[in-house]
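Working notes for the structure below.
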Amino acid sequence: MIVNRKDLSWWERLYLPAIASGFKVTLRHFFKKKVTMQYPEEKWSVPPGYRGAPYLVKDQEGRTKCVSCQLCEFVCPPRAISITPPGPAVQTDAENVEKRPREFEINMLRCIFCGLCQEVCPEEAIFLMKDYSLNGESRKEMIFNKDKLLALGGVHNDRIMKWKQKAVEARRQEVFPVQEARP
Amino acid sequence: MSTHAPTPIKPDSAAPPPVEKIKIKVDGRDLEVPKTMPDWQGKPQPTTMLQACQLAGIEIPHYCYHPKLPIAGNCRMCLVEFGTPMLGPDRKPILNEDGTPRIAKSVLPYEPGTARGAIGCATAISPGMEIYPNSPATKQMREAVLESLLINHPLDCPICDQAGECKLQEYSVEHGQAASRFVETKVHKPKQVDLGPRIMLDDERCILCSRCVRFTRDIAGDDALGFVNRGSYNTLASYPGRSFDNNYTLNTVDICPVGALTSKDFRFQMRVWFLREAKSLCASCGTGCNITVGSREEKIYRFEPRENDAVNSSWMCDAGRLNYKWIGREDRLVKLGGSRLKAATWTGAVKELAEALRASKPGTLAIIASARQTTEELYLIKKIATRLGAVTDSIPRVGEGDKLLVSPDKNPNSNGARLTGISGPALGSSLPGIADRIRSGAIRGLIVFGEDVTRHGVSVAMLQGLDLLVVSDVLPSKTVELAHYLLPGCAPAEKRGSFVNVKGRAQRFVKAVEARGDARPEFEWLTELTGALGVENPPRSVEGCFNHLAKEIPAFGGLSWASLGETGAAAAI
Ligand code: SF4
Ligand code: SF4
Ligand code: SF4
Ligand code: SF4
Ligand code: FES
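Chains A and B are the protein sequences, given in the same order. Counting from 1, one number per residue, gives the positions in the first sequence under this note's numbering. Counting from 1001, one number per residue, gives the positions in the second sequence under this note's numbering.
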């Protein structure tokens, strides 16, 4: 398709009237209240519900909530998440833990902050937080590992504490839910 | 119960005699089904409602029923509503006005308004019977059974290895209720119970279907598992003080419909929905059990048996199942090498190799192939040997067998080596002769495939004295160290091809994972080498090669790659 260029009228060809009307707009804004933010000295405070970078959380007892179910890894559209499951060794460092990720990486260069990981997580272990400006000096630095994600994520108040409740119930029934590994 | 003798799995050789058919109605459709069907041992037994529905293409949900195990009928998941023709006092069917037989739906005797289902897995059909697998009453029964199964279930799905292939999950979605009405405290049972060297049990998840108990008692012949306690406290346990450690324990993990029995090897390694599946064969013995290889990102996570009634039924042994770790070993040979190889690419290497082979005098070469190679590779090796006037043989590998699956022949393709003419009827019979002639200097060149010949009568000094030593292998060995030309090869899971098992069944397998580095399926460079050596029209593809050799070797009786299908076909051995 060919679109023919419209010929300018002689008034338009003068240019100066157009420049003058442009300056008029500039001048009008010159005396109005400023709306530009002096980023990065000034920071934007994000509204609640904002979807920033996804981080892992611990519960109020300091336990990693993620159980390495890998649903977030499965659902993540750009495949930003990569989880290493723990393998068969029985974990004995905390009470009633059956499974926890050995490593949990999110490639923040890939993440599109869609929030699907938070939505799919059955354990409320991953949340999109308020960080919107992540930067680093290398690509490697932008792959956040488990320790970093947990440190950034902080504590999430868990109202249910499923594992604790189960442990209490089981102890009352004299069944210890997580046995010591037999040699 | 006392320990049964293990039941050997035999394919039915003779065609079964024709069976009487009876007329029934499934879900409103008229159907003729055989009166009897083979049970788990292959003996004819009255056809059950579940089997009749399966023939009608309707799946009845079930847990304890397994076609390869005796029927227990304890889970009640397969309850269906049904009706039978009403009989008058003269034992003649009562007819409706339109001439059809009147059907009496089965109801509770003391409550005629309530439907009374029967378990589909153990109720035989009778002439004129009507089965209602989709009626509201059937649906209600399923819902009720699932509700009671979930009462004490931990709902561990996020940490349960079975999630994604769990029948409890699947049926709950399909037939269950969305919400639980159970507000009481759940009964807790032992978790992470160490049953044996390869099995970990989670008693809370067990739905007490007894499949594992029946498998180990009736198939494996090791009566190691049973139930203790009663009611809600009913718990699966192994015999006190005994370890559940026979060579077939991991099959119980496969047949367990839930995540109660888990494999220690696969436990918490990878979620099943990430695994890519490839139809392959176990290469650990001559039985050639059909397997499915589960891999993700070129890493193998598990082998599982694949059903083939002519070979392994639905089972495989633990040793074969766990024999995959070497495929991902760090020290795998991944670079072209050897003391004389100049080229860094396969094209160059094949060219150099062809020149070196052509320069050798006819009659001074020997080829020691491996009965772990595919039939197609062995066929090409034989072609090369004929061209170069080389003697060939392969190495026998004998171990312990058992009555169920394990064969004493530890090579997966001994019959392939025999049929292609690489070896005589007894594998390795020419080996001492080859060794003597290397010692005497009559043989100046040796090509070795996947074997460490220093452990089979050819010493390091003898190898050092050779003019030409070509080695194709996957792992380092003394022979590999001395190679003039080293060609890194592939594990069976990394290539395609076929094996002929000890009973003469030719079976094909496909590639599950990609080999690392330079390693390349032997077939690919062998076909290039045959071409470079001047053999006319070498087969270019594995399929083509099999079709070719099946025509040439009478034992294959005109089989083709396509006719092998997924379960193989018999060759005459
Ligand atoms: S927010 Fe979306 S893109 Fe980012 S890690 Fe979660 S699922 Fe993946
Ligand atoms: S979905 Fe939640 S519990 Fe599962 S792996 Fe991701 S963060 Fe962990
Ligand atoms: S057995 Fe099935 S339903 Fe039960 S926790 Fe495991 S996956 Fe979930
Ligand atoms: S462990 Fe699995 S196979 Fe065995 S009885 Fe329980 S649910 Fe059935
Ligand atoms: S499958 Fe019929 S009772 Fe379990």
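Yeah, the Cβ is synthetic: ideal placement off N, Cα and C, and Gly gets one too. Since we're looking at a predicted model, the values are computed, not measured.
For A/Q118, return the contacting residues in chain B, with the cut-off set at a CB-CB distance below 8 Å.
For the purposes of this step, residue 118 of chain A is taken as the residue at position 118 of the first sequence. Residues of chain B passing the Cβ test: none, with the nearest at roughly 15 Å.
What is the C-beta distance between B/I1060 and B/T1084, in whole angstroms, given that I count them as a contact (C-beta under 8 Å)?
Locating residue 1060 of chain B in the second sequence gives position 60, where the first residue counts as 1. Locating residue 1084 of chain B in the second sequence gives position 84, where the first residue counts as 1. B/I1060 to B/T1084, Cβ: 18 Å. No contact.
Is B/T1420 near B/K1382, with beta carbons less than 7 Å apart?
Numbered from its first residue, the second sequence carries residue 1420 of chain B at position 420. Numbered from its first residue, the second sequence carries residue 1382 of chain B at position 382. Their beta carbons are under 7 Å apart, which means B/T1420 touches B/K1382 by this criterion.
Note down, one range per segment and in chain order, each beta strand (DSSP E) of at least 3 residues found wholly within the stretch 1078 to 1163 of chain B.
1079 to 1085, 1103 to 1105, 1111 to 1115 and 1130 to 1132
My output table needs one value for B/T1003: the three-state DSSP class, helix, strand or coil.
Numbered from its first residue, the second sequence carries residue 1003 of chain B at position 3. Legend: pLDDT at B/T1003 = 44, less than 50; position of this residue unreliable, value from coordinates given subsequently. Note: B/T1003 maps to coil in three-state DSSP.
Using a Cβ-Cβ distance under 7 Å, would A/P77 count as near chain B?
Start at 1 with the first residue of the first sequence, and residue 77 of chain A comes out as number 77. False, the Cβ-Cβ gap to chain B never drops below 7 Å.
Quick one: what's got a C-beta closer than 6 Å to B/N1308's C-beta in the same chain, skipping five residues either side?
To locate residue 1308 of chain B, count along the second sequence from 1; it is residue 308. Contacts found: N1290 and T1567.
Would you say B/V1453 and B/I1368 are within 7 Å of each other, going by their C-beta atoms?
Along the second sequence, read from residue 1 onward, the residue named residue 1453 of chain B stands at position 453. Along the second sequence, read from residue 1 onward, the residue named residue 1368 of chain B stands at position 368. Contact: yes.
Could you list the residues in the stretch 1222 to 1241 of chain B with a C-beta less than 9 Å from some C-beta on chain A, going in chain order?
none
Using a beta-carbon distance below 7 Å, is A/C69 in contact with chain B?
Looking up residue 69 of chain A in the first sequence gives position 69. Taking Cβ atoms only, chain B reaches closer than 7 Å to A/C69, which makes this a yes.
Please list the partners that B/P1158 has in chain A, where partner means a Cβ-to-Cβ separation under 7 Å.
Residue numbering aside, residue 1158 of chain B sits at position 158 when the second sequence is read from its first letter. V67, C69, P122 and E123, listed in chain order.
What number of angstroms, rounded off, separates the C-alpha of B/P1046 from the C-alpha of A/K162?
On the second sequence, residue 1046 of chain B is found 46 positions in, with the first residue counted as 1. On the first sequence, residue 162 of chain A is found 162 positions in, with the first residue counted as 1. About 49 Å.
May I have a chain-ordered list of the beta strand (DSSP E) segments no shorter than 3 residues that lie completely inside the stretch 105 to 171 of chain A?
126 to 128
By Cβ distance, which residues of its chain are closer than 6 Å to A/V46, with the 5 residues on each side in sequence left out?
As a working mapping, residue 46 of chain A is identified with position 46 in the first sequence. Exclusion of the five residues before and after A/V46 leaves K130 as the residues of its chain whose Cβ lies within less than 6 Å of its Cβ.
What does the alpha-carbon distance come out to for the pair B/T1216 and A/A94?
Residue numbering aside, residue 1216 of chain B sits at position 216 when the second sequence is read from its first letter. Residue numbering aside, residue 94 of chain A sits at position 94 when the first sequence is read from its first letter. So the alpha carbons of these two residues sit roughly 35 Å apart.
Give me the subset of the stretch 17 to 41 of chain A whose CB atoms are less than 9 Å from a CB atom of chain B, sorted by chain position.
none
Is DSSP giving A/F30 helix, strand or coil here?
As a position in the first sequence, residue 30 of chain A is number 30, starting the count at 1. Note: A/F30 maps to helix in three-state DSSP.
Please compile the residues from chain B whose C-beta is within a distance smaller than 7 Å of the C-beta of A/V57.
Here residue 57 of chain A corresponds to residue number 57 of the first sequence, with the count starting at 1. Listed along chain B is no residue with a C-beta nearer than 7 Å to that of A/V57; the closest approach is about 16 Å.
Mind checking if B/H1153 is an interface residue toward chain A, Cβ cutoff 7 Å exclusive?
For the purposes of this step, residue 1153 of chain B is taken as the residue at position 153 of the second sequence. For B/H1153, the answer is no, since every Cβ of chain A falls outside 7 Å of its Cβ.
For a contact defined as C-beta to C-beta under 7 Å, what are the partners of B/V1272 on chain A?
As a working mapping, residue 1272 of chain B is identified with position 272 in the second sequence. Neighbours of B/V1272 on chain A: none; closest Cβ ~10 Å, over 7 Å.
May I ask you to list, following chain order, the residues of the stretch 1183 to 1202 of chain B that have a beta carbon less than 8 Å from some beta carbon of chain A?
T1185, K1186, V1187, H1188, K1189, P1190, K1191, Q1192, V1193, D1194 and M1200
For B/Y1063, is the beta carbon positioned less than 6 Å from some heavy atom of ligand 5?
Reading the second sequence from its first residue, position 63 is the one you call residue 1063 of chain B. Checking every heavy atom of ligand 5 against the Cβ of B/Y1063, one is found closer than 6 Å.
Would you kindly check if the distance between the Cβ of B/V1213 and the Cβ of B/L1225 is under 7 Å?
In the second sequence, counting from the first residue as 1, residue 1225 of chain B sits at position 225. In the second sequence, counting from the first residue as 1, residue 1213 of chain B sits at position 213. B/V1213 is positioned such that its CB atom lies closer than 7 Å to that of B/L1225.
Assign A/T26 to buried or exposed, taking buried as 16 or more other Cβ atoms, counted over all protein chains shown, within 10 Å of its Cβ.
Position 26 of the first sequence, counted from the first residue, corresponds to residue 26 of chain A. A/T26 is exposed by the Cβ-count criterion.
Using a C-beta cutoff of 7 Å, does B/F1268 count as contacting chain A?
Numbered from 1 along the second sequence, position 268 holds the residue referred to as residue 1268 of chain B. Output row for B/F1268: interface = yes.
Entirely within the stretch 1033 to 1066 of chain B and at least 3 residues each: give me those beta strand (DSSP E) ranges in chain order.
1036 to 1038 and 1044 to 1046
Check each residue of the stretch 78 to 105 of chain A: if its Cβ is closer than 8 Å to any Cβ of chain E, include it; give the result in chain order.
Among the protein chains of the structure shown, namely A and B, there is no chain E.
Just tell me which of B/F1509, B/D1039 and B/G1557 has its CA closest to the CA of B/E1543.
Stepping through the second sequence from its first residue, residue 1543 of chain B is reached at position 543. Minimum Cα distance to B/E1543 is reached at B/F1509.
Is any non-hydrogen atom of ligand 2 found closer than 6 Å to the C-beta of A/E123, if you look at the structure I gave you?
Indexing the first sequence from 1 puts residue 123 of chain A at position 123. Yes, the Cβ of A/E123 comes within 6 Å of a heavy atom of ligand 2.
What residue does the beta strand (DSSP E) around B/M1580 start on, and which one ends it?
Limits of chain B in this structure are 1001 at one end and 1573 at the other, which puts residue 1580 of chain B out of reach.
By Cβ distance, which residues of its chain are closer than 6 Å to B/N1096, with the 5 residues on each side in sequence left out?
In the second sequence, residue 1096 of chain B corresponds to position 96, counting from 1. Only R1102 meet the Cβ criterion.
Alpha carbons only, please: which of B/I1447, B/P1492 and B/G1416 is nearest the one belonging to B/P1554?
Within the second sequence, the letter at position 554 stands for residue 1554 of chain B. When only C-alpha atoms are compared, the closest one is B/G1416.
Assuming B/L1208 contacts B/F1227 (C-beta within less than 8 Å), just tell me the rounded distance between them.
In the second sequence, counting from the first residue as 1, residue 1208 of chain B sits at position 208. In the second sequence, counting from the first residue as 1, residue 1227 of chain B sits at position 227. Contact flag correct, Cβ pair sits at about 7 Å.
Going by DSSP, what residue range makes up the alpha helix (DSSP H) through B/L1549?
The residue labelled residue 1549 of chain B in the question sits at position 549 within the second sequence. It spans V1542 to E1552 - the alpha helix (DSSP H) in which B/L1549 sits, taken as one unbroken run.
Around the C-beta of B/P1257, are 16 or more other C-beta atoms found within 10 angstroms, so that it is buried, or is it exposed?
Stepping through the second sequence from its first residue, residue 1257 of chain B is reached at position 257. Answer is buried; the Cβ neighbour count reaches 16.
Any C-beta of chain A sitting closer than 7 Å to the C-beta of B/K1264?
The sequence position of residue 1264 of chain B within the second sequence is 264, counting from 1. True, the Cβ-Cβ gap to chain A drops below 7 Å.
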